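Q:
In our numbering, the protein residues as written are 12 to 242.
(1) Report the three-state DSSP secondary structure of residue 165 (helix, strand or coil).
(2) Can you tell me where the alpha helix (DSSP H) with residue 203 in it begins and where it stops?
(3) Assign residue 170 to one of two classes, buried (16 or more other C-beta atoms within 10 Å of its C-beta) or exposed (fewer than that).
(4) Please state the DSSP three-state secondary structure of residue 226.
(5) Do the segment 140 to 151 and the segment 173 to 181 make contact, defined as three or more Cβ pairs closer than 8 Å?
(6) Name the one or two DSSP bridge partners that residue 137 has.
(7) Compare the Cα-Cα distances from residue 82 to each of 134, 149, 24 and 125 and report the closest residue.
(8) Please classify residue 201 as buried or exposed, where buried requires at least 16 other C-beta atoms within 10 Å of its C-beta.
(9) Quick check on residue 104: does DSSP put it in helix, strand or coil?
(10) Judging by CA-CA distance, which residue of 160, 165, 113 and 120 is the nearest neighbour of residue 144?
(11) Less than 8 Å separating the beta-carbons of residue 132 and residue 86?
(12) At the level of alpha carbons, what is the spacing between residue 25 and residue 166?
(13) Which residues mark the beginning and the end of the alpha helix (DSSP H) in which residue 179 is found?
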């Protein structure tokens with residue numbers, strides 16, 4: 012029986028995953044991409060998977076985040092991004108007042124600047140709050156630029172994210188009581204792990220909560236993608 016190398020398995024998995032992704036983009040969104048562009052992305056992402064397989068140790072300890080209980084009926088949604096050469100991933104993680112995770116979502120976009128990636132992650136977080144019909148939410152991110160821009164849009168110092176910040180503010184429901192807070196990168200470790208996981212899989216949509224422990228430990232062993240945003 013012929014043995015297939017791990018590199019070939021990664022390439023085949025990424026090839027099938029991305030061909031289906033671009034097929035959905037063409038069929039659902041009417042977006043067409045040049046064959047050379049698709050080929051380049053397939054090669055880059057498969058190379059990233061292979062390199063990650065070599066680098067990541069068998070077990071990575073979970074970095075714990077200190078949890079401070081929220082006021083009654085409040086929720087917290089953390090957001091973060093992971094930027095790659097060929098694409099970017101945004102993630103949002105919602106917890107209830109006891110710290111229990113109730114929803115994780117991610118989306119895939121084109122490669123971008125860190126500020127724009129963080130702004131798109133903030134948009135995903137506010138979209139999640141609307142989707143869950145929450146009434147009281149604290150949004151947390153580790154980008155001072157984006158957090159400050161959400162708090163005071165008129166003082167935003169990065170004109171490239173201004174339209175997106177304005178769109179975020181305008182799209183927040185009037186009956187949603189919300190706050191935005193800057194946290195340290197280490198305190199956003201879990202959400203960043205979700206973004207890295209999504210980037211590795213080109214995954215967009217709701218993420219099963221049962222996958223959370225393996226995501227945080229960095230065990231990227233299976234390939235599955237869903238491109239239904241918040242469906």
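No residue lacks a Cβ here, since even glycine has one placed at the ideal position from N, Cα and C.
Model, not experiment: these values are computed from the prediction.
A: On the basis of the coordinates in this document:
(1) In the chain shown, counting from the first residue as 1, residue 165 sits at position 154. Taken through DSSP and simplified to helix, strand or coil, residue 165 comes out as helix.
(2) Stepping through the chain shown from its first residue, residue 203 is reached at position 192. Bounds of the alpha helix (DSSP H) holding residue 203 are 200 to 212.
(3) Residue mapping note: residue 170 aligns to position 159 of the chain shown, counting from 1. Around the C-beta of residue 170, fewer than 16 other C-beta atoms lie within 10 Å, and the residue is accordingly described as exposed.
(4) The sequence position of residue 226 within the chain shown is 215, counting from 1. Three-state result, residue 226: helix.
(5) Not touching, per the Cβ criterion.
(6) By one-based count along the chain shown, residue 137 stands at place 126. Residue pairing by DSSP places residue 137 in no beta bridge whatsoever.
(7) Taking the chain shown and counting its residues from 1, the one referred to as residue 82 is at position 71. Distance from the Cα of residue 82 is smallest, within the candidate group 134, 149, 24 and 125, for 149.
(8) As a working mapping, residue 201 is identified with position 190 in the chain shown. Its Cβ being crowded by 16 or more others within 10 Å, residue 201 is buried.
(9) Translated into the one-based positions of the chain shown, residue 104 becomes position 93. Residue 104 carries a strand assignment under DSSP once its states are collapsed to helix, strand and coil.
(10) Within the chain shown, the letter at position 133 stands for residue 144. Ranking 160, 165, 113 and 120 by Cα distance to residue 144 puts 113 first.
(11) By one-based count along the chain shown, residue 132 stands at place 121. By one-based count along the chain shown, residue 86 stands at place 75. Cβ distance not < 8 Å, so residue 132 and residue 86 don't count as in contact.
(12) To locate residue 25, count along the chain shown from 1; it is residue 14. To locate residue 166, count along the chain shown from 1; it is residue 155. A direct Cα-Cα distance of roughly 42 Å separates residue 25 from residue 166.
(13) Position 168 of the chain shown, counting from 1, holds the residue named residue 179. DSSP places residue 179 in the uninterrupted alpha helix (DSSP H) bounded by 173 to 182.
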